[in-house]
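Protein chains: 2
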Amino acid sequence: MSDFLSWVSIHQSRFEDAVGRLLPQTDVLPQRLHAAMRYSVLEGGKRVRPLLAYAAGELAGAPIERVEIAAAAVELIHAYSLVHDDMPCMDDDVLRRGKPTCHIEYDEATALLVGDALQSLAFQLLSEHRLSDDPSRQLQMVRLLAAASGSRGMAGGQAIDLASVGKQLAMPELEQMHIYKTGALIRAAILLGAHCGKLDQAQLDKLDRYGKCIGLAFQVVDDVLDSEADTATLGKTAGKDKDNDKPTYVTLLGVQAAKRMAATLHQEALDTLKEFGASAQRLHDLADFIVMRKF
Amino acid sequence: MSDFLSWVSIHQSRFEDAVGRLLPQTDVLPQRLHAAMRYSVLEGGKRVRPLLAYAAGELAGAPIERVEIAAAAVELIHAYSLVHDDMPCMDDDVLRRGKPTCHIEYDEATALLVGDALQSLAFQLLSEHRLSDDPSRQLQMVRLLAAASGSRGMAGGQAIDLASVGKQLAMPELEQMHIYKTGALIRAAILLGAHCGKLDQAQLDKLDRYGKCIGLAFQVVDDVLDSEADTATLGKTAGKDKDNDKPTYVTLLGVQAAKRMAATLHQEALDTLKEFGASAQRLHDLADFIVMRKF
Chain A
41 MSDFLSWVSI HQSRFEDAVG RLLPQTDVLP QRLHAAMRYS VLEGGKRVRP
91 LLAYAAGELA GAPIERVEIA AAAVELIHAY SLVHDDMPCM DDDVLRRGKP
141 TCHIEYDEAT ALLVGDALQS LAFQLLSEHR LSDDPSRQLQ MVRLLAAASG
191 SRGMAGGQAI DLASVGKQLA MPELEQMHIY KTGALIRAAI LLGAHCGKLD
241 QAQLDKLDRY GKCIGLAFQV VDDVLDSEAD TATLGKTAGK DKDNDKPTYV
291 TLLGVQAAKR MAATLHQEAL DTLKEFGASA QRLHDLADFI VMRKF
Chain B
41 MSDFLSWVSI HQSRFEDAVG RLLPQTDVLP QRLHAAMRYS VLEGGKRVRP
91 LLAYAAGELA GAPIERVEIA AAAVELIHAY SLVHDDMPCM DDDVLRRGKP
141 TCHIEYDEAT ALLVGDALQS LAFQLLSEHR LSDDPSRQLQ MVRLLAAASG
191 SRGMAGGQAI DLASVGKQLA MPELEQMHIY KTGALIRAAI LLGAHCGKLD
241 QAQLDKLDRY GKCIGLAFQV VDDVLDSEAD TATLGKTAGK DKDNDKPTYV
291 TLLGVQAAKR MAATLHQEAL DTLKEFGASA QRLHDLADFI VMRKF
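Chain order of the listed sequences is A and B.
Residue numbers for the first sequence follow this note's numbering, beginning at 41 and rising by one.
Residue numbers for the second sequence follow this note's numbering, beginning at 41 and rising by one.
So this is what it looks like as structure tokens:
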């Protein structure tokens with residue numbers, strides 16, 4: 041596990057360097073917007089999606105310089121969604137990763153544009169760098185990220201989430217919401233990393249199955265942590281879901297059953313990796329990490 | 041000119057059908073978000089960008105079925121920017137194209153997500169349909185639209201615009217703002233239409249020059265109309281720019297000089313079309329249309 045933690049630390053640091061180079065510098069016009077974009081992306085978060093992309097890229101034998109461009113594209117989409125999500129008309133959060141949220145540090149209009157511009161930049165990265173020797177495959181990567189981000193992906197999941205406040209959702213609806221809201225982008229991170237290498241469709245399908253399990257497990261664990269943690273540990277305002285009367289796996293199943301569900305998804309994810317042998321070690325470790333994390 | 045007006049009407053109607061098919065239907069989950077997306081895009085606007093794409097596609101001998109996918113992608117970016125622009129933290133507008141703006145008809149959170157999801161859909165369209173026989177060229181189209189939309193394109197122009205309220209901008213700054221804010225997407229519309237056909241780089245450069253002139257002329261005319269028109273004719277709240285103390289070509293140059301500037305840009309645009317002969321007729325007509333429009 042200490043070997044894994046050093047892998048995490050090395051790749052987090054690599055990623056930080058890469059995304060710092062890929063984001064526009066603060067001396068480029070419009071300077072304030074670029075500063076706010078960097079503020080919203082850099083020095084924050086566990087970088088779960090980039091780590092998954094790196095690990096899938098390793099499994100697929102992909103050049104790491106390509107994988108981290110794809111990883112950055114996914115993380116920019118994730119970062120933009122947090123900026124918009126924190127705005128007063130959505131979750132109205134003032135704290136994120138222990139820092140003031142973008143609209144608090146800057147202003148609402150800037151936060152709106154930061155999110156918009158981060159999304160554009162994600163697609164610019166995926167199209168202006170060479171990520172595959174086959175341009176058709178690279179177009180497929182653009183399509184994958186666009187679908188995962190849009191109204192039948194992440195943004196759609198947020199819309200269902202909004203509509204669910206104060207309602208008692210049934211299990212299939214809650215699951216559909218999270219498959220869209222968190223799952224789609226986690227799956228995209230894994231597949232984009234893998235597409236930078238050479239896997240056949242059956243192997244990609246296996247990885248997608250792993251991603252689906254891990255995506256759901258991630259959300260279940262998030263709900264458990266949110267119900268148990270306090271604000272200081274979490275680095276964001278804790279207990280918001282319950283305050284907002286939002287349905288979660290914990291409110292629906294109770295803490296114990298939610299923990300069992302995470303364990304089952306965890307095992308299923310590990311099972312799908314078996315055929316890859318040692319090359320799947322990092323994805324295996326990440327599955328453990330996601331389910332056992334305490335923050 | 042009547043031949044041109046019938047061309048406009050036929051293509052506006054074709055476009056409406058196409059984009060109606062390309063947007064998710066209202067019976068697809070999440071239904072309310074999809075209804076709000078359709079509300080924000082359909083039945084509205086002059087469709088200047090799609091018309092420019094159709095005209096450039098004609099010049100380039102491109103299949104119209106491909107051109108209108110590219111046209112839809114550009115128009116979705118334009119539509120999302122209007123939805124976000126109208127929100128209370130930006131221009132705070134309640135009326136757009138004679139209808140309540142998205143956040144008035146629905147709510148702010150939905151308007152935020154509508155804009156986000158329309159942007160994703162634009163890139164999904166550009167990547168999931170075959171728009172060129174050469175996938176590398178199609179990747180270039182994605183890059184072009186992403187760059188035109190982002191922080192060194194449309195979103196960046198809006199950031200400069202926000203920062204300029206209450207300031208007296210000099211001419212080069214005002215021009216840079218509009219090259220980003222309106223110009224980038226108009227140029228993208230023309231180039232994307234052209235990329236669906238077969239033009240060489242020198243020809244594409246000529247078209248880009250045409251686009252740059254037309255983009256600026258469009259904005260100058262917009263400022264003139266805004267300073268002269270009333271709300272009923274414009275279909276949106278008139279005189280907002282002056283109320284907001286925003287710099288415009290009219291406040292900087294006066295109405296007469298602004299009109300002369302539009303005429304000069306108009307002529308320059310027509311000059312760049314000369315080498316294309318009759319195949320540039322529609323782009324020629326559109327230049328006239330943009331400069332002489334009364335709404």
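Just so it is clear, CB atoms sit at the ideal spot from N, CA and C, and this is done for glycine as well.
Listed in chain order, the positions of the region 137-162 of chain B with a beta carbon within less than 9 Å of a beta carbon of chain A are 143, 147, 148, 149, 150, 151, 152, 153, 154, 155, 156, 157, 158, 159, 160, 161, 162. Residue 183/A sits buried, since 16 or more C-beta atoms from the chains shown fall within 10 Å of its C-beta. Under the 10 Å beta carbon count, residue 334/A is surrounded by fewer than 16 other beta carbons and is classified as exposed. Chain-order list of chain B residues neighbouring residue 129/A: 148, 149, 152, by C-beta distance under 7 Å. Residues of the region 198-211 of chain A with a C-beta atom less than 9 Å from some C-beta of chain B are 198, 199, 200, 202, 203, listed in chain order.
Of the candidates 263/A, 320/A, 304/A, 320/A places its Cα closest to the Cα of residue 246/A. Neighbourhood of residue 235/B in chain A, by CB distance below 7 Å: empty, with the nearest CB roughly 13 Å away. Annotated three-state conformation of residue 63/A is coil, per DSSP. In this chain, residue 83/B is not harboured by any alpha helix (DSSP H), its DSSP state being neither H nor E. The region 207-225 of chain A makes no contact with the region 157-165 of chain A: fewer than 3 CB pairs, one atom from each, lie closer than 8 Å. With contacts defined as CB atoms closer than 9 Å, residue 235/A and residue 180/A qualify as a contacting pair.
If you check the CB distance, residue 157/B and residue 73/B come in under 9 Å.
Restricting attention to 127/A, 263/A, 133/A, 331/A, the CA atom closest to the CA of residue 149/B is found in 127/A. The shortest C-alpha to C-alpha distance from residue 188/A to any of 248/A, 130/A, 138/A is the one to 248/A.
From the beta-carbon of residue 168/A, the residues of chain B found nearer than 7 Å are 183. For residue 133/B, there is no enclosing alpha helix (DSSP H), as DSSP marks it with neither H nor E. With a threshold of 9 Å between beta carbons, residue 301/A makes no contact with chain B. Proximity of chain B to residue 72/A at the Cβ level (cut-off 8 Å) is accounted for by 199, 203, in chain order. Take the alpha-carbon of residue 220/B and the one of residue 309/B: they are about 18 Å apart. In this model, residue 238/B and residue 230/B are separated by some 13 Å (Cα to Cα). According to DSSP, residue 139/B shares a beta bridge with 136/B. In the three-state scheme derived from DSSP, where H, G and I count as helix and E and B as strand, residue 251/B is classed as helix. When only Cα atoms are considered, residue 244/B and residue 323/B end up about 14 Å apart. When the alpha-carbon of residue 326/A is set against those of 96/A, 64/A, 58/A, the nearest one is in 96/A.
With respect to the 9 Å criterion, residue 151/A and residue 193/A are not classified as neighbours on the basis of their beta carbons. By the criterion of at least three beta-carbon pairs nearer than 8 Å, the region 50-70 of chain B is not in contact with the region 283-300 of chain B. Residues of chain A with a Cβ closer than 7 Å to the Cβ of residue 103/B do not exist, since the nearest Cβ in that chain sits about 18 Å away. What residue 77/A touches in chain B, judged by beta-carbon distance under 7 Å, is 191, going in chain order. Residue range 104-125 is occupied by the alpha helix (DSSP H) that includes residue 116/A. Contact check for residue 136/A against residue 129/A fails: the beta carbons are separated by 9 Å or more.
Inter-residue distance for residue 268/A and residue 302/A is about 15 Å (C-alpha atoms, whole angstroms). Close CB contacts of residue 190/B within its chain, under the 8 Å cut and outside five residues either way in sequence, are with 196 (chain order). At a Cβ-Cβ threshold of 9 Å, residue 76/B and residue 154/B count as neighbours.
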